[in-house]
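Heads up, the thing below is written out as structure tokens.
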Amino acid sequence: DQLLKEVEVKAGDFYYVPSGTIHALGSGVMVLETQQSSDTTYRLYDYDRVDDEGNPRDLHIEESIDVTTVPAQENPVNPTTKNVENGQITTLVSNQFFTVYEWKIDGPVSFTQESFYTLVSVIDGEGTLEIEDKYYPISKGDHFILPNPIQNWTLKGNLHIIASHP
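Pasting the structure below:
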């Protein structure tokens, strides 16, 4: 605990946690996590939790030390915001693995596909997703994927969205 930095968080905060950073979530925290695919999680401490058979879950001390970035990087986020008609598009972070955006929309805003797909999470509000003259209602808590064949779409309504793509 003496070597870790505790960060107080509140609703709406954005933190980029680079690969190699020791991190954990406190109780009562809900996150939307975008990450590069690695299929690897190392546990340094597991709050004495047990598996389905009652055995302590494995810890990965040596493996964790091998991949931890020292010294730790500060939260290297420099968001850039672009005002568009009926909204704001903020690039929260962009790296070689993914880009994460915050879209604040109050009316129709049109988008063009920039990658193989776009992941969309509606954080707040409600509205409509329009794709090729078809309309889909969307609201807080909805998550969906816009695959590459979908090249253009329009979002309408009062919406707060987090979107990402590779």
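Quick note on numbering: the sequence shown equals residues 3 to 168 in this note's numbering.
Ideal placement from N, C-alpha and C gives every residue a C-beta, glycine not left out.
This structure is a prediction, so every number in the text was calculated from the model and none was measured.
Residue of ASN80, LEU157, SER66, LEU148 minimising C-alpha distance to GLY109: LEU157
My output table needs one value for VAL52: the three-state DSSP class, helix, strand or coil. strand
List, from N- to C-terminal side, the alpha helix (DSSP H) runs of 4 residues or more that fit wholly inside the segment 61-85. 63-69
LEU27 and VAL33 look like a contact to me (Cβ under 8 angstroms); what is the Cβ gap, rounded to whole Å? 6 angstroms
Pairs of beta-carbons, one from the segment 113-122 and one from the segment 141-156, closer than 8 angstroms: are there three or more? yes
Going by DSSP, name the residue or residues bridged to ASN160. ASP108, GLU128
Could you check what DSSP says for THR99 in three-state terms: helix, strand or coil? Reading off the sequence shown, one finds Phe at residue 99, where the question assumed Thr. PHE99: coil per DSSP, three-state reduction.
In terms of residue numbering, what span does the beta strand (DSSP E) encompassing ILE147 cover? 145-149
Tell me the DSSP secondary structure of TYR119 in three-state form. strand
According to DSSP, SER166 sits in a beta bridge with which residue or residues? VAL102, LEU121
With a 10 Å radius around its C-beta and 16 neighbouring C-beta atoms as the bar for buried, classify TYR103 as buried or exposed. buried
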